[in-house]
Each structure stands twice: as structure tokens, then as C-alpha cells.
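Q: According to this note's numbering, the sequence shown holds residues 5 to 260 in order.
Even for Gly, the Cβ is constructed at its ideal location relative to N, Cα and C.
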Amino acid sequence: MILTVNVSNSNILLGAYQDDKQCFCSSMHTNLLKSADEYAVQFGSVLSLYGAQPEDISGVILSCVVPSMLACIRKALNHLYTGRIYVAGPGLKTGLSIRTDDPSQLGSELVCSAIAVLADYPPPCVIISMDTAVSITALDNRGALRGGAILPGVKIGVEALCARTAQLPQIDLSAPACGVLGTNSSASMQAGAIFGTASMLDGMIDRFAQALGGTPTCVASGELAPVILPHCLHKIYYRENLVLDGLYRLYQKNTK
Numbered sequence: 005m006i007l008t009v010n011v012s013n014s015n016i017l018l019g020a021y022q023d024d025k026q027c028f029c030s031s032m033h034t035n036l037l038k039s040a041d042e043y044a045v046q047f048g049s050v051l052s053l054y055g056a057q058p059e060d061i062s063g064v065i066l067s068c069v070v071p072s073m074l075a076c077i078r079k080a081l082n083h084l085y086t087g088r089i090y091v092a093g094p095g096l097k098t099g100l101s102i103r104t105d106d107p108s109q110l111g112s113e114l115v116c117s118a119i120a121v122l123a124d125y126p127p128p129c130v131i132i133s134m135d136t137a138v139s140i141t142a143l144d145n146r147g148a149l150r151g152g153a154i155l156p157g158v159k160i161g162v163e164a165l166c167a168r169t170a171q172l173p174q175i176d177l178s179a180p181a182c183g184v185l186g187t188n189s190s191a192s193m194q195a196g197a198i199f200g201t202a203s204m205l206d207g208m209i210d211r212f213a214q215a216l217g218g219t220p221t222c223v224a225s226g227e228l229a230p231v232i233l234p235h236c237l238h239k240i241y242y243r244e245n246l247v248l249d250g251l252y253r254l255y256q257k258n259t260k
């Protein structure tokens, strides 16, 4: 069993793969205050929940975009598995052509997403990651990663709006029943957050298509993607575990 771990600013995803199939996936909140031992206990509990044991692990690969947590998570994983823990980043073979100014600045989760997308979809592609930030990445018709855009995430926008205004309430991130024409403050904020983000994605896809010189295949992942995508005009495929799928393929590329 290959254990894949994706540490983002908001969540930690833990996934296991056996014979090219995902056995399970679990999500937990990222907590900078937890110790390695606490994470080890939590990871072990997830394994137990799905009927697995540390002895079942034959390999581990990790992606971490929170530098201050890398050592902690590696130590936690070492409690479960004593072999080499592969870390997505410089030094691993990706098979991906990265055509940016400084490839070392590219987040490992974006590289993993690109690997997973190219395995299942024809280029050119637009990859959308909707987590704390919204990252949009372009793959050209040869599958080369050409660059992208980073925008504030939906939650960040709503939190900033509430913090900087005196009378606007906290809201649930769901589409209002009244549609785009909000009939009260909460509904108007929901319309802006949901339909505004959907329109932003549609507009960015149009601009990316123009830059790529063709109609791209669009693939999205992230906690809020299922909330936003139904309101987009473009066809966007949703992949819940895109980064974990890419991590598993990256592990295979570096162990075979």
C-alpha cells in the first residue's frame, strides 16, 4: 500500500493506493500547533478507521506547501513507516516540461495536479485548484506547463468583506435561492461569492484559451469546487483527489 499525503494551508489529505486504485482518502484540518506525535496518532487512527495498519505501508510520498510543517509531518510519518519518504519537489523525476521563469517556485501540489491531469485528459489543459487560494495553471498542446494565475480564495474574500465592513454578516458558502439578484444582505453576499467566482473562472478560462491558442480541457479540484462549478458556463471536470492521484503517479515514476 502506497500512502500519499498532501499538506495544504487549510487541510491535510491522506490517501492510500493499492494496485493503481485508491483504497481510501481522509481529510483533516491543518494545525500548526500540533506536534509530530499528535499527527502520528491522527494518521494511525485514519489507517485503523479504514482497516489498514502501518505494516501495510510499502511506500510514502508527501507534498507540503507549508514549509514550517514539513519536518513535523515527516517525523509523524516516520512513526508509521521507517523507509524513505519521498517529498515532491526538486530531485524527483516528474516527466513534466515546466516552462516558467523559475520552476523551483512552482508549488508541488500544482506539479502533482498537472501529472494527474496529463495522465487522463488531452492537452491543452487548464487546471483549477480551489483551496485557500485559487490557482489556475495552463498546460499547452504538448503538455508543457506554461504558467498560471493565483487569486484569493472564496473564503478569504468573504472573510475580508466581513472584517472590513460594519454591517455585513457572516454567510454560508452556498448559492442563494433567489439567484444572482440577492434580495437581502446575506443573499447578495452569497451571490457575489458564488456567481462572482464562477464568472471569474469562466473569464479566466477564456483568457487562458486565447493564450494557449486552442480550446482547453478544464479540470478542477479543491474543497469549494463542487459549490462553484455547477454555476460555471464552461465544462469543467471535477476531480476530488487530483493531487493525491498525481502524488501516486509521481511515486511510481521515481520507484520503477
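#1: If I follow the unbroken alpha helix (DSSP H) through HIS83, where does it start and stop?
#2: Find out if the Cβ-Cβ distance for the pair ILE140, ALA153 is shorter than 8 angstroms.
#3: Determine the contact status of LEU81 and LEU96, defining contact as a CB-CB distance below 8 angstroms.
#4: Taking C-beta to C-beta, are SER112 and VAL69 nearer than 8 angstroms?
#5: Could you name each continuous beta strand (DSSP E) segment of 3 residues or more that falls completely within the segment 135-189, going from the start of the chain to the end?
#6: From ASN15 to THR86, what distance separates their C-alpha atoms?
#7: Going by Cα to Cα distance, which pick from ASN10, SER12, ALA202 and ASP23 is closest to GLN256?
#8: Indicate the three-state DSSP secondary structure (helix, strand or coil) for MET32 in the structure shown.
#9: Please confirm if the segment 123-142 is in contact with the segment 173-187, defined as three or more CB-CB distances below 8 angstroms between the two stretches.
#10: Keeping to the same chain, check which residues put their C-beta closer than 6 angstroms to that of ALA229; ignore five residues upstream and five downstream.
#11: Buried or exposed: SER12, going by 16 or more other Cβ atoms within 10 Å of its Cβ?
#12: May I have the straight-line CA-CA distance separating SER72 from GLY196, to the nearest angstrom?
#13: Look at the Cβ atom of LEU248, then the Cβ atom of ASN10, and state whether they are nearer than 8 angstroms.
#14: I'd like the span of the alpha helix (DSSP H) that includes VAL91, first residue to last.
#15: Rounded to whole angstroms, what is the Cα-Cα separation between SER189 and GLU163?
#16: Hey, ILE232 and LEU205: beta-carbon distance below 8 angstroms or not?
A: So, to answer that:
#1: The continuous alpha helix (DSSP H) containing HIS83 extends over residues 74-84.
#2: Cβ atoms of ILE140 and ALA153: closer than 8 angstroms.
#3: Result no, Cβ atoms of LEU81 and LEU96 do not sit closer than 8 angstroms.
#4: SER112 places its beta carbon less than 8 angstroms from that of VAL69.
#5: Taking only runs of at least 3 residues, the beta strand (DSSP E) segments lying wholly in the segment 135-189 are 137-143 and 149-156.
#6: Each residue's Cα considered, the two are about 24 angstroms apart.
#7: Among ASN10, SER12, ALA202 and ASP23, the Cα nearest to that of GLN256 is on ASP23.
#8: Here MET32 sits in strand by DSSP.
#9: Output reads no: the segment 173-187 does not touch the segment 123-142.
#10: If we look at ALA229 and ignore the five residues flanking it on each side, its Cβ neighbours are MET134 and TYR242.
#11: By the neighbour-count rule (16 or more Cβ atoms within 10 Å), SER12 is buried.
#12: Spanning the alpha carbons of SER72 and GLY196 requires a straight line of approximately 34 angstroms.
#13: Taking 8 angstroms as the Cβ cut-off, LEU248 and ASN10 qualify as a contacting pair.
#14: Looking at the DSSP string, VAL91 is not in any alpha helix (DSSP H); the run it does join, the beta strand (DSSP E), is 89-91.
#15: Taking the straight line from one Cα to the other gives about 15 angstroms.
#16: Closer than 8 angstroms, so yes.
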